[in-house]
Structures are given as C-alpha cells and as structure tokens.
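Residue numbers (the working numbering): 4 to 112. See structure below.
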C-alpha cells in the first residue's frame with residue numbers, strides 16, 4: 004500500500020482578524036469590539052509559502068500558495084446608521100500547489 008503525502012504542508016488556526024481585503028479589492032476594518040463581539044475565522048495557510056511542492060515530476064516548476072475564500076464579516080462603516088455593516092471579505096482558506104511547465108528544448112537561432 005502506498006502512503007500519500009500532501010504536495011504542500013498547511014497550517015490551520017482560529018484567528019481574530021482586524022483587517023481584510025474585500026471581494027472588490029478594497030481594505031475593510033473588521034468590527035472587533037464589545038458591541039459586536041469578537042470575529043474569529045478558521046484560517047488555512049501554507050506552512051512554507053512559495054516553496055516547491057513535494058512529489059512533483061522533473062520539468063514542472065511548482066510552488067505552494069495560500070488561496071483566499073470569500074466569507075461575510077461585520078465591518079466598520081461610519082456612513083452606516085449604527086457604524087457597522089456586513090461585507091464579503093477574503094480569508095486565508097486553502098493551500099494549493101500551482102504548476103507550470105518548463106520548456107527543456109534549446110531554441111537557438
């Protein structure tokens with residue numbers, strides 16, 4: 004029986020996040036106060052960001068990358084009646100192996 008290994012080692016944690024990118028590309032401040040309570044998210048990240056993936060064949064360049072998942076959060080909005088609102092933000096959610104092929108042929112002219 005063959006043993007399986009992950010191409011990229013990941014780490015997980017519960018994190019109280021204070022700032023995050025929105026799905027529109029702007030930065031949002033997450034409400035973390037007594038009124039709204041703490042906002043804690045389950046985050047998944049690569050243990051060695053941008054390191055080569057394990058178990059990839061020769062001729063393929065690979066690297067481990069953290070990808071972000073959209074999730075809802077309560078953000079600070081001074082223009083909102085109560086100073087907060089819901090927003091979709093990006094939270095670290097997975098570690099993936101990205102690959103690209105290397106051209107091993109000589110192209111001298």
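Backbone N, C-alpha and C fix where the C-beta goes; we use that ideal spot for every residue, glycine too.
*Quick one, which of 100, 66, 91, 68 has its alpha-carbon nearest residue 78's?*
Position 75 of the chain shown, counting from 1, holds the residue named residue 78. For residue 78, the closest C-alpha among the options 100, 66, 91, 68 is that of 91.
_Taking the alpha carbon of residue 51 as the reference point, which residue from 37, 66, 60, 70 has its own alpha carbon closest?_
The sequence position of residue 51 within the chain shown is 48, counting from 1. Checked all of 37, 66, 60, 70; the closest Cα to residue 51 is 66.
_Residues near residue 114 by beta carbon distance below 8 Å, same chain, minus five either side_ = The question about residue 114 has no answer here: the residues shown for the chain are numbered 4 through 112.
_Sequence-distant residues of its chain with Cβ nearer than 7 Å to residue 49 (five each side left out)_ = Here residue 49 corresponds to residue number 46 of the chain shown, with the count starting at 1. Counting only Cβ-Cβ distances below 7 Å, and skipping sequence neighbours, we find 11, 13, 67, 68, 69, 98.
*Paired residues, beta bridge with residue 67 - DSSP*: Taking the chain shown and counting its residues from 1, the one referred to as residue 67 is at position 64. Answer by DSSP bridge pairing, in chain order: 100.
*Could you check how far apart the C-beta atoms of residue 73 and residue 20 are, in whole angstroms? I think they sit under 8 Å.*
Working through the chain shown from its first residue, we reach residue 73 at position 70. Working through the chain shown from its first residue, we reach residue 20 at position 17. Rounded to whole angstroms, the Cβ separation of residue 73 and residue 20 is 14 Å, and the two are not in contact under 8 Å.
_residue 61 burial status per 10 Å Cβ neighbour count (16 or more: buried)_ = Here residue 61 is taken as the residue at index 58 of the chain shown, counted from 1. Classified as exposed, residue 61 has fewer than 16 neighbouring CB atoms from the shown chains inside 10 Å of its CB.
*Can you tell which of 96, 31, 17 has the C-alpha that lies nearest to the C-alpha of residue 71?*
What you label residue 71 is simply residue 68 of the chain shown in a count that begins at 1. Nearest of 96, 31, 17 to residue 71, Cα basis: 96.
*CA-CA distance, residue 46 and residue 16?*
Position 43 of the chain shown, counting from 1, holds the residue named residue 46. Position 13 of the chain shown, counting from 1, holds the residue named residue 16. Straight-line measurement puts the Cα of residue 16 at about 5 Å from the Cα of residue 46.
_With H, G and I counted as helix, E and B as strand and the rest as coil, what does DSSP make of residue 40?_
By one-based count along the chain shown, residue 40 stands at place 37. Per DSSP, reduced to three states, the secondary structure at residue 40 is strand.
*Could you check what DSSP says for residue 94 in three-state terms: helix, strand or coil?*
Within the chain shown, residue 94 is the residue found at index 91, counting from 1. Of the three classes helix, strand and coil, the one that applies to residue 94 here is strand, per DSSP.
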